[in-house]
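Chemist: One structure is given below, represented as structure tokens, and several questions about it will come after.
In the numbering used here, the protein residues as written are 45 to 256.
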């Protein structure tokens with residue numbers, strides 16, 4: 045009977061405070077899925093606390109969810125720093141692929157994205173850059189690339205191979221710039237987070253010489 049009362053009390057507590065804790069968590073982490081996970085973790089820890097140990101239940105739960113949010117943000121920051129610490133390495137395909145798979149959509153990473161693409165900007169010609177990003181990061185096959193960039197498959201294969209080779213040459217620098225780096229960053233984020241590549245294609249093709 046005592047166990048049943050305890051379970052009922054916990055259920056009532058969760059129903060009563062979940063909306064409040066959800067709101068607090070979302071305002072701190074700005075991501076609905078993360079906020080839900082944090083609140084769930086908070087309640088799971090609450091269920092392990094012995095009855096009578098908590099003096100002010102509401103204050104306890106609020107402080108717990110705030111602490112969990114802070115820990116989550118610190119962990120995410122460490123993850124982000126670890127991610128971008130690899131920018132100096134030559135394996136950009138892996139780096140960009142990890143960005144595409146990572147849930148960083150709710151963080152302000154504009155400067156970091158731009159820094160990552162400066163490597164592509166400095167080492168690759170416009171067409172090489174377009175082929176590399178579309179194939180290596182977004183999985184475009186050569187047939188799709190042929191239709192998109194209006195280039196023959198053999199030429200595209202050569203461009204892709206050349207791009208990978210150039211990215212492995214530390215000293216190589218090419219004077220070529222995106223028309224608008226911020227536009228490129230925004231288009232890349234949209235392609236990663238929403239799967240919409242039209243805008244990215246437009247930006248990538250904007251500085252590619254037209255076929256004569």
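Yeah, the Cβ is synthetic: ideal placement off N, Cα and C, and Gly gets one too.
Where does residue 211 sit, in a helix, a strand or coil, going by DSSP?
Modeler: As a working note, residue 211 is residue 167 in the chain shown. Correct three-state label for residue 211: helix.
Chemist: Got a sec, what are the start and stop residues for the alpha helix (DSSP H) residue 244 sits in?
Modeler: Taking the first residue of the chain shown as 1, we reach residue 244 at position 200. Element bounds for residue 244: 242 to 249.
Chemist: Thinking residue 164 and residue 176 are a contact (beta carbons under 8 Å), I'd like their distance in whole angstroms, please.
Modeler: To locate residue 164, count along the chain shown from 1; it is residue 120. To locate residue 176, count along the chain shown from 1; it is residue 132. Yes, residue 164 and residue 176 are in contact; Cβ-Cβ is about 7 Å, under 8 Å.
Chemist: Taking Cβ to Cβ, would you say residue 106 is nearer than 8 Å to residue 58?
Modeler: Against the chain shown, residue 106 aligns to sequence position 62. Against the chain shown, residue 58 aligns to sequence position 14. No.
Chemist: Exposed or buried, residue 198, counting other C-beta atoms within 10 Å across all chains shown (16 or more means buried)?
Modeler: Here residue 198 is taken as the residue at index 154 of the chain shown, counted from 1. When all chains shown are included, residue 198 counts as exposed.
Chemist: Can you find the residues in the same chain that come closer than 7 Å, C-beta to C-beta, to residue 79, ignoring five residues on each side of it along the sequence?
Modeler: If you number the chain shown from 1, residue 79 lands on position 35. The answer, listed in chain order, is 66, 69, 70 and 73.
Chemist: Report the rounded CA-to-CA distance for residue 265 versus residue 241, giving the unit in angstroms.
Modeler: One cannot answer for residue 265 here, as it falls past the ends of the chain, which runs 45 to 256.
Chemist: When we look at the beta-carbon of residue 112 and count the other beta-carbons within 10 Å, is it buried (16 or more) or exposed?
Modeler: Locating residue 112 in the chain shown gives position 68, where the first residue counts as 1. Answer is buried; the Cβ neighbour count reaches 16.
Chemist: Does the ligand SAH have a heavy atom nearer than 7 Å to the CB of residue 172?
Modeler: What this structure holds is no ligand at all, so the ligand SAH is not there to describe.
Chemist: State the Cα-Cα distance for the pair residue 64 and residue 120, rounded to the nearest angstrom.
Modeler: Counting from 1 along the chain shown, the entry for residue 64 is found at position 20. Counting from 1 along the chain shown, the entry for residue 120 is found at position 76. Roughly 23 Å separates the two Cα atoms.
Chemist: Indicate the three-state DSSP secondary structure (helix, strand or coil) for residue 168 in the structure shown.
Modeler: Looking up residue 168 in the chain shown gives position 124. DSSP places residue 168 in coil when its eight states are reduced to three.
Chemist: Decide if residue 86 is buried, meaning its Cβ has at least 16 other Cβ atoms within 10 Å, or exposed.
Modeler: As a first step, residue 86 is located in the chain shown; it is residue number 42 there, counting from the start. Residue 86 is buried by the Cβ-count criterion.
Chemist: Quick one: Cα of residue 61 to Cα of residue 116, how far?
Modeler: Position 17 of the chain shown holds residue 61. Position 72 of the chain shown holds residue 116. Going from the Cα of residue 61 to the Cα of residue 116 covers about 20 Å.
Chemist: In the DSSP assignment, find the alpha helix (DSSP H) that holds residue 11 and state where it starts and stops.
Modeler: Within the shown structure, residues of the chain are numbered from 45 to 256, placing residue 11 beyond reach of any answer.
Chemist: Pick out whichever of 56, 82, 210 and 81 has its Cα sitting closest to the Cα of residue 101.
Modeler: For the purposes of this step, residue 101 is taken as the residue at position 57 of the chain shown. The option with the nearest alpha carbon to residue 101 is 56.
Chemist: Can you tell me where the alpha helix (DSSP H) holding residue 189 begins and where it ends?
Modeler: Here residue 189 refers to the residue found at position 145 of the chain shown. From DSSP, the alpha helix (DSSP H) with residue 189 extends over 186 to 193.
Chemist: What residues in its chain sit with their C-beta under 7 Å from that of residue 204, if we drop five residues either side in the sequence?
Modeler: Within the chain shown, residue 204 is the residue found at index 160, counting from 1. Within the same chain, residue 204 has close Cβ partners 175, 176 and 179.
Chemist: In or out: residue 191 buried (at least 16 other Cβ within 10 Å) or exposed?
Modeler: Position 147 of the chain shown, counted from the start, is the residue given in the question as residue 191. That one is exposed.
Chemist: If you reduce the DSSP assignment to three classes, tell me which class residue 182 lands in.
Modeler: Residue 182 sits at position 138 when you count from the first residue of the chain shown. Residue 182 falls in the coil class under three-state DSSP.
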